[in-house]
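Structure record follows, encoded as structure tokens.
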Amino acid sequence: MEQLFNEKYFKSIVENIPNMVFIKDAKELRFVVLNKAGEDLLGYSKEELIGKNDYDFFPKSEADFFTRNDRKVLDGKILVDIIEEPIQTRLKGLRFLHTKKIPILNDLGQPVYLLGISEDITEKKYLQESLINAKKNLEQKVKERTSDLSRAKAKDDAILSSIGDGLIVTDIDGKIIMINKAFEQMLGYKKKEIVGTQVSKIITIKDKKGEIIPEKDCLIKKALSGKMHDAVTSSFLIDDRYFVRKDKTCFPIFCIISPIKDRKIIGAVGVFKDVTKEKELDNAKAEFLSLASHQLRTPLSGMKWILELFIKDKNITNQSKRRIIDLSILNERLINLVNELLNIARIETGKWPINKRMVDLNELIYNSYKVCKQNADMKNQKINISIKNKLEKVNLDQLLFEESINNILSNSINYSPKNSVININVVYKNNKYIISINNHGPVIPKNDQEKLFEKFHRGDHFKIYKSEGSGLGLYIAKKAIEINGGKIWFKSNRKTGTTFYFTVPLLNKNQ
Amino acid sequence: MKLLIIEDEELLINTLEEKFLAEKFEVIKAADGEDGLKKALDIHPDVILLDILMPKIDGITMLKELRKDSWGKHAKVVILTNLNDTGKVAESMGVGLDGSFTYLIKSDQTLESISKEINKVIGNI
């Protein structure tokens, strides 16, 4: 203990304190002590500094500042804490110090010395400043980003709000997380009433008979289950889905639902449209079709039968008889055209009631052959049917199949020359039957090939074979084949002639 | 042989009548289902030729009513149809079309083939 307060050790302690320590005399504020840290900081050695005061080393403004504080300390006999003061050093440029100045009093309580301890806070200060700048910068960036986002969100909100279709977004559990204004209006629910609740509790879907469609068949559930790869559409023409409003009234909808993916499914989004008007239009079309069929039938059947009786009349001249025959032919053409148009109308508006049943393909092909054979015989054409193995029963709409095969076969007969051969072939491939009908008529030119299945298209080459023809046969055949789940294509060249191919799918073994 | 024709279109029913009179049938005409049902139950014809799409009570309704009667159950009925009325035809299938007493004919056939069908039904062929 004695040794610690020994002057030599004391001096050593002061000398090595890592902060600047200095002592000035109270009267003239000249330096009397300066430690190593102080020498390093100020860039002057003790010898240079001792006996001198601030005005000898520092700019006047700084020296004034130091002196003011010194006087404050000594006159007031108080400790003064100078949080930050600039000081011009010799070697380190401008530095900032945190200085504490303490009065040293004698036994009489009079100040004799001033003790100063200074910490160089320059680095800290710069660090603090850059931190503050960084913070300011960050704040500014955040403000800008927030403003960008707000604007973007406002834009999105405005877009979503104004799209006329209803929008609904659910999370992975089927809870509603967003709806738009159109949804509110269509269904009569307010956002706050339903956001956060299970979609199945809010949205009831009915079929056209008014029966509620079970939750498991609900499209949103299907989307969330991950069992679909892209959007699922419910077409109002086929599915006939109806939403139930808050007030229990219904309206028909067309909707598209997709899962929302972020590597895995995180929710579902659905867009739907009130199709009441479209349905009304559709119903009007159906009524028109029904009316047209019925109303056209009377004059067409009537004319056919009356002409039939007329021709048997004994009192008419041969010339009149010829005229009656011509009328009958024209009437038949009219009947065929009307039937074709009505069929197209039914197929296109989805009013063809599709009855798929298990049918015997052999029998249907043979029936078609029988129907068309008469015309083939008149042109002395031979029809060969080649079916390798007994065909399995297939599931299709018989009337549609008849439309397809009859049109293709009668085209083959009509548009190939007399005395030629027509080949019908059936092969099995990849779980379907491929039926091919080949004739040796003219090659179909390239620009006709593209338009072959279009409504009312008739190749110029073919008009010489049959001057009248609606150009509807292949259009109907294609649609009918497609409804039965098949495809149609053709090949036409000089070597093999023209061959039409179409497929009939077989039932999957798993179904 | 008594043939009852139920058909609302005057032109068609007269033409049919002419044909079947020439075939030596006794022809009774009715212009709607109601009248047709009454005449069927009164006269008990050998065969009835029925048009499916008629106003007043339509053909199917008339047929359903006819089948409720003890005689009407076995009456031979040939239905004239534009086969594109598949919906209606299917409905008629539900009315005891087990092959024995109800038959379908496409109305866009010739009178000759319609006549052949009728004769087949009553066993003349």
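Protein chains in written order, with this note's numbering: chain A, 1 to 511; chain B, 1001 to 1125.
Every residue gets a Cβ at the ideal spot worked out from N, C-alpha and C, and that includes glycine.
- With 16 or more other Cβ atoms inside 10 Å of its own Cβ, A:Q381 counts as buried.
- At a cut-off of 9 Å between C-beta atoms, B:E1009 counts as an interface residue with respect to chain A.
- A check of alpha carbon separations from A:H98 across A:K24, A:D107, A:I104, A:G116 identifies A:G116 as the nearest.
- According to the DSSP assignment, A:Y501 belongs to the beta strand (DSSP E) that extends over 497-505.
- Distance from the CA atom of A:V359 to the CA atom of A:K390, rounded to whole angstroms, is 13 Å.
- Within the region 1009-1039 of chain B, the residues whose Cβ lies closer than 8 Å to some Cβ of chain A are E1009, L1011, L1012, T1015, L1016, E1018, K1019, listed in chain order.
- Look at B:E1026 here: in three-state DSSP terms it is strand.
- Secondary-structure assignment with DSSP links A:E119 through a beta bridge to A:H98.
- Here A:P18 is exposed, its C-beta having fewer than 16 other C-beta atoms within 10 Å.
- The beta carbon of A:K27 sits closer than 8 Å to none of the beta carbons in its chain outside the five residues before and after it.
- Residue-level contact check: B:T1110 touches chain A, since one or more beta carbons of chain A fall below 9 Å from its beta carbon.
- In this structure B:V1121 is buried. Its beta-carbon is surrounded by 16 or more other beta-carbon atoms within 10 angstroms.
- Contact between the region 322-330 of chain A and the region 343-359 of chain A is absent: fewer than 3 CB-CB pairs across the two stretches fall below 8 Å.
- Taking C-alpha positions only, A:L289 is separated from A:Y415 by approximately 31 Å.
- Within the region 1036-1083 of chain B, the runs of alpha helix (DSSP H) that reach at least 4 residues and sit entirely inside it are, in chain order, 1059-1068.
- Residue environment: A:R241 is assigned as buried (16 or more neighbouring CB atoms within 10 Å of its CB, all protein chains considered).
- Look at A:K264 here: in three-state DSSP terms it is strand.
- Under the Cβ distance rule, A:T298 counts among the residues neighbouring chain B, one pair being separated by less than 9 Å.
- Counting C-beta pairs closer than 8 Å gives fewer than three between the region 479-486 of chain A and the region 459-468 of chain A, which falls short of the contact rule.
- Between B:K1039 and A:L309, the gap from beta carbon to beta carbon reaches 9 Å or more.
- Put simply, the CB of A:E193 is far from chain B, with every gap to its CB atoms at 9 Å or more.
- Among the residues facing chain B, A:K304 is included, as its CB has a counterpart in that chain under 9 Å away.
- In summary, the residues of the region 305-325 of chain A whose CB is separated from some CB of chain B by less than 8 Å are W305, I306, E308, L309, in the order they occur in the chain.
- Rounded to the nearest whole angstrom, the CA to CA distance from A:I257 to A:V269 is 6 Å.
- Counting C-beta atoms within 10 angstroms of its own C-beta, A:F456 has fewer than 16 neighbours from the protein chains shown and is therefore classed as exposed.
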